[in-house]
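Engineer: Okay, handing you the structure first.
Chains as they are written, first to last, in the numbering used here: chain A, 1145 to 1258; chain B, 1145 to 1258.
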């Protein structure tokens, strides 16, 4: 068994919670999009140009899914459509922070040849 | 531009760090595997049975990649091969913790109909 008896409830609950988060944020782009929008509202073209490898169709789909889940909203700014992080989307900041922190540490580790 | 002038370095650095983390932990299974191994060494069959939807070939590949990146190690326990988290793998705990925390909150939000 993956979750042994002594910690069964905690282990099962944790794996399910992680599964829920990955359901919403899985894939290559969503966390990067949320991190980018953490710096302020962005236009579709800015997001597409700024995130290497993402095509317009994929970007459209990812933004739609983030909107459906209440993490991103489409608004107008100076007569243009922009995408902005919602208050609920901002609750991801601690997770995004830990991801960035770990990634920086990992890059240093690699550069030090560990 | 996705990272405007005022925060350019910080924004670019953060997006790259997240990209690095996703490179290692991306996909449906790796974070769940690391979370499960956080509860102690597990045999291949326990991991496969315990993580819904993962087949033996995929599990083999994911474990190999986690091993290559120093996050998991194969060891022997009572004459059987088990997979265990490495000290470096344990540095993921804060990230895994935030993922679980957010997932729990999200599930509650959904159940409360928000």
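Idealized CB from N, CA, C, for every residue including glycine.
1. At the 9 angstroms Cβ level, is residue 1243 of chain B part of the contact set with chain A, yes or no?
2. How is the beta strand (DSSP E) around residue 1219 of chain A delimited, first residue to last?
3. Is there contact between the region 1185 to 1199 of chain B and the region 1216 to 1235 of chain B, where contact requires at least three CB pairs shorter than 8 angstroms?
4. If the cut-off is 9 angstroms on Cβ atoms, which residues from the region 1223 to 1242 of chain B count as contacting chain A, listed in chain order?
5. Take the Cβ of residue 1164 of chain B as the centre, count every other Cβ of all protein chains shown within 10 Å, and call the residue buried at 16 or more, exposed below.
6. What is the residue span of the alpha helix (DSSP H) that residue 1224 of chain A lies within?
7. Determine the direct distance from the alpha carbon of residue 1239 of chain B to that of residue 1205 of chain A, and round the result to whole angstroms.
8. Considering just the uninterrupted stretch of the alpha helix (DSSP H) at residue 1211 of chain A, what are its terminal residues?
9. Taking the alpha helix (DSSP H) that residue 1246 of chain A falls in, what are its first and last residues?
10. Can you tell me whether residue 1186 of chain B is helix, strand or coil according to DSSP?
11. Taking the beta carbon of residue 1180 of chain A as the centre, do at least 16 other beta carbons fall within 10 Å, making it buried, or is it exposed?
12. Starting from residue 1172 of chain A, follow the alpha helix (DSSP H) in both directions and report where the run begins and ends.
13. Would you mind giving the Cβ-Cβ distance between residue 1169 of chain A and residue 1175 of chain A, rounded to the nearest angstrom? I have them listed as a contact below 8 angstroms.
14. Using a Cβ cut-off of 9 angstroms, which residues of the region 1195 to 1209 of chain B contact any Cβ in chain A, in chain order?
15. Are residue 1177 of chain B and residue 1191 of chain B closer than 9 angstroms when you measure CB to CB?
16. Taking C-alpha atoms, which residue in B:1172, B:1233, B:1253, B:1252 lies nearest to residue 1215 of chain B?
17. So, does the CB of residue 1158 of chain A fall closer than 9 angstroms to a CB anywhere in chain B?
18. What's the C-alpha gap between residue 1193 of chain B and residue 1156 of chain A?
19. So, with DSSP's three-state summary, where would you put residue 1233 of chain A?
20. Say whether chain A places a C-beta atom closer than 9 angstroms to the C-beta of residue 1216 of chain B.
Structural biologist: Let me lay it out:
1. The residue you call residue 1243 of chain B lines up with position 99 of the second chain. Residue contact with chain A for residue 1243 of chain B: present (Cβ-Cβ distance below 9 angstroms to some residue of chain A).
2. Looking up residue 1219 of chain A in the first chain gives position 75. Where residue 1219 of chain A is concerned, the enclosing beta strand (DSSP E) starts and stops at 1216 to 1221.
3. Judged by Cβ distances under 8 angstroms, the region 1185 to 1199 of chain B makes contact with the region 1216 to 1235 of chain B, as three or more pairs qualify.
4. Correct list: 1232, 1235, 1236, 1238, 1239, 1240, 1241, 1242.
5. Within the second chain, the letter at position 20 stands for residue 1164 of chain B. Residue 1164 of chain B is buried by the Cβ-count criterion.
6. Looking up residue 1224 of chain A in the first chain gives position 80. That residue, residue 1224 of chain A, is in no alpha helix (DSSP H); its beta strand (DSSP E) goes 1224 to 1229.
7. Taking the first residue of the first chain as position 1, residue 1205 of chain A is located at position 61. Taking the first residue of the second chain as position 1, residue 1239 of chain B is located at position 95. Distance between the alpha carbons of residue 1205 of chain A and residue 1239 of chain B is about 26 angstroms.
8. The residue labelled residue 1211 of chain A in the question sits at position 67 within the first chain. Where residue 1211 of chain A is concerned, the enclosing alpha helix (DSSP H) starts and stops at 1200 to 1212.
9. Taking the first chain and counting its residues from 1, one reaches residue 1246 of chain A at position 102. Residue 1246 of chain A -> alpha helix (DSSP H) spans 1237 to 1255.
10. Stepping through the second chain from its first residue, residue 1186 of chain B is reached at position 42. Residue state for residue 1186 of chain B is assigned as strand, using DSSP reduced to three classes.
11. Taking the first chain and counting its residues from 1, one reaches residue 1180 of chain A at position 36. It counts as buried.
12. Taking the first chain and counting its residues from 1, one reaches residue 1172 of chain A at position 28. If you look at residue 1172 of chain A, you'll find it isn't in any alpha helix (DSSP H); DSSP assigns it neither H nor E.
13. Sequence index remark: in the first chain, residue 1169 of chain A carries index 25 (1-based). Sequence index remark: in the first chain, residue 1175 of chain A carries index 31 (1-based). The beta-carbon separation of residue 1169 of chain A and residue 1175 of chain A, rounded to 5 angstroms, stays under the 8 angstroms limit for a contact.
14. Within the region 1195 to 1209 of chain B, the qualifying residues are 1195, 1196.
15. If you number the second chain from 1, residue 1177 of chain B lands on position 33. If you number the second chain from 1, residue 1191 of chain B lands on position 47. It is a contact, given that the beta carbons lie within the stated cut-off.
16. Counting from one through the second chain, the residue named residue 1215 of chain B turns up at place 71. Of B:1172, B:1233, B:1253, B:1252, the smallest CA-CA separation from residue 1215 of chain B is found for B:1233.
17. In the first chain, counting from the first residue as 1, residue 1158 of chain A sits at position 14. Yes, residue 1158 of chain A lies at the interface with chain B (some Cβ there is under 9 angstroms from its Cβ).
18. Position 49 of the second chain, counted from the start, is the residue given in the question as residue 1193 of chain B. Position 12 of the first chain, counted from the start, is the residue given in the question as residue 1156 of chain A. CA-to-CA, the gap between residue 1193 of chain B and residue 1156 of chain A works out to about 13 angstroms.
19. Counting from 1 along the first chain, the entry for residue 1233 of chain A is found at position 89. In the structure shown, residue 1233 of chain A falls within a helical segment according to DSSP collapsed to helix, strand and coil.
20. Translated into the one-based positions of the second chain, residue 1216 of chain B becomes position 72. Taking 9 angstroms as the CB threshold, residue 1216 of chain B stays off the interface with chain A.
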